Amino acid sequence: MSNNSSNNTATALSPPLDIIVCEDAATLPTQQPLLTHLYFGNSSDTGHDCLSIQTELELLGSNLFAQYWFTDQQVAQAKYKNIRYAHTPQMMFGLIQLPCTAGDDFHALTHKAYCEIYECLRSTPCKHLLRTWNFFPQITKNDTQRGQQNRYEVFCHGRLQAMHDSGIKTKVYPAATVIGNHDSNLQIYFLASDTPGTAVENPRQTSAYHYPVEDDHTQPLFSRGLLKSWGQRTHFYVSGTASIVGHETLHIDDVGAQLNESINNVETLVAHANDMHHTQLNAQDDLLYMKVYIRNREDVEQINQVLAARLSNTTPRALLLGDMCRENLLVEIEAFYQA
Ligand code: 3EB
């Protein structure tokens, strides 16, 4: 699937990045360098020295969802201000976690986090941000310090301002997820590399960075999806995707229809990536995993029914309790393709 999937001359030079989703660390390769270990729920020790990241979102219907990011070059760990990261010369995975509470200056906090991320990237060969995951509490609460804006809008503005202040000129925005947690931290983790990825937008959706501003928020700077070659592998990182067509939420109060529409968006994005960039990704077979962020725990049964109809039954999935950035969204999904 991946052999002729890229016309990128950097492919041959690019090291592999292989992600394994599994619950039993005992089945993992023991000799290969591990860049990072990401998990939700209760994890046992990997036995590897790596950047291990737990996300504080409740898993619904299982105790663990874990993924391991392997490469073939020696991995080193380092710190930069509040960031911990693992890296090789061609890839890095970083984490920043800053305590936050209701009365905080959340704009300043987001700005600081992203300024540190861009400064950190600048100090390494990996200057291209490919994928970010962002979690913070009370995402749709009004920010007491900033008039009519809610904390998601404040986050978008802090991120935008940090890009501006860091002199970031690229229009290749990372793929991103932004979800409200029930924790007291702003947690951001990210993947970066020495070569850029290729941004893919969704023809069914207004690009988020072109959302009309009167639509009550600062334009969110992320790409719907990002393609990246790693050696023989093609990765397609799909951003948090919701029941939004154009720039409007569809299927208010209908979680099943919202999930179906979100999956339609992901499948359209995959087809568009294939059309535009000569990849041959299969929307079902090459899906390494799907994460499903769910606002209300009582929706789980309905969510599972839709997933059973739309995904291959062997595709790993994580159902996570989290809040979306718009009050009218009940579900949001995130897909990771590896071919
Ligand atoms: C949307 O499509 C839903 O601000 O980085 C999804 C993924 C969403 C990323 C972001 C926002 C972001 O607008 C919300």
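299 is the number that the working numbering gives to position 299 of the sequence shown; each next residue is one higher, with no gaps.
Note that beta-carbon positions come from the ideal geometry of N, C-alpha and C, so glycine has one too.
This one's a predicted model, so the numbers in the text were calculated from it and none came from an experiment.
Buried or exposed for residue i, please, with buried defined as at least 16 other CB atoms from any protein chain shown within 10 angstroms of its CB.
i: residue 111; result: buried
i: residue 233; result: buried
i: residue 6; result: Bear in mind that a pLDDT of 44 at residue 6, under 50, signals an unreliable position, so the model cannot answer this.
i: residue 213; result: exposed
i: residue 323; result: buried
i: residue 71; result: buried
i: residue 117; result: buried
i: residue 137; result: buried
i: residue 13; result: exposed
i: residue 172; result: exposed
i: residue 279; result: buried
i: residue 169; result: exposed
i: residue 103; result: exposed
i: residue 333; result: buried
i: residue 76; result: exposed
i: residue 132; result: buried
i: residue 224; result: buried
i: residue 339; result: buried
Which residues mark the beginning and the end of the beta strand (DSSP E) in which residue i is found?
i: residue 332; result: 331-338
i: residue 240; result: 233-241
i: residue 41; result: 34-41
i: residue 113; result: First-last for residue 113: 106-122, but that is the alpha helix (DSSP H), not the beta strand (DSSP E).
i: residue 86; result: 83-87
i: residue 18; result: 18-21
i: residue 128; result: 128-137
i: residue 76; result: 76-80
i: residue 228; result: 225-230
i: residue 52; result: 51-54
i: residue 96; result: 91-99
i: residue 25; result: Note, residue 25: premise wrong, no beta strand (DSSP E); not H, not E.
i: residue 222; result: Unbroken run through residue 222: none, as it is neither H nor E.
i: residue 64; result: 64-70
What is the rounded straight-line gap between the Cα of residue i and the Cα of residue j?
i: residue 60; j: residue 300; result: 8 angstroms
i: residue 49; j: residue 287; result: 28 angstroms
i: residue 174; j: residue 202; result: 15 angstroms
i: residue 9; j: residue 108; result: Summary for residue 9: the model assigns pLDDT 45, below 50, so the residue's position carries little reliability; its value from the coordinates is reported in the next sentence. So the alpha carbons of these two residues sit roughly 40 angstroms apart.
i: residue 307; j: residue 277; result: 28 angstroms
i: residue 35; j: residue 74; result: 9 angstroms
i: residue 82; j: residue 309; result: 43 angstroms
i: residue 331; j: residue 259; result: 6 angstroms
i: residue 2; j: residue 167; result: Only weak support is given to the placement of residue 2: the predicted model assigns it a pLDDT of 42, under 50, and the value that follows is read from those uncertain coordinates. Using only the alpha carbons, I get a separation of about 35 angstroms.
i: residue 297; j: residue 198; result: 35 angstroms
i: residue 184; j: residue 53; result: 16 angstroms
i: residue 250; j: residue 222; result: 21 angstroms
i: residue 302; j: residue 294; result: 11 angstroms
i: residue 58; j: residue 226; result: 27 angstroms
i: residue 261; j: residue 208; result: 17 angstroms
i: residue 39; j: residue 97; result: 15 angstroms
i: residue 158; j: residue 114; result: 8 angstroms
i: residue 181; j: residue 30; result: 33 angstroms
i: residue 26; j: residue 47; result: 9 angstroms
i: residue 164; j: residue 314; result: 43 angstroms
i: residue 252; j: residue 126; result: 41 angstroms
Just curious, the alpha helix (DSSP H) that residue i is in, first and last residue?
i: residue 360; result: Beyond the ends of the chain as shown, which are 1 and 339, falls residue 360; an answer cannot be given.
### Query
Where are the alpha helix (DSSP H) runs, 4 residues long or more, that stay fully inside the segment 278-327, in chain order?
Fully enclosed alpha helix (DSSP H) runs of 4 or longer: 300-310.
### Message
Considering only heavy atoms of the ligand 3EB and the C-beta of each residue, which residues fall inside 6 angstroms, strictly closer?
### Response
Result: 156, 176, 177, 178, 208, 220, 222, 239, 240, 242, 244 and 325.
### Task
Please list the segments of the alpha helix (DSSP H) lying wholly inside the segment 172-217, counting only runs of 4 or more residues, in order along the chain.
The segment 172-217 contains no whole alpha helix (DSSP H) run of 4 or more residues.
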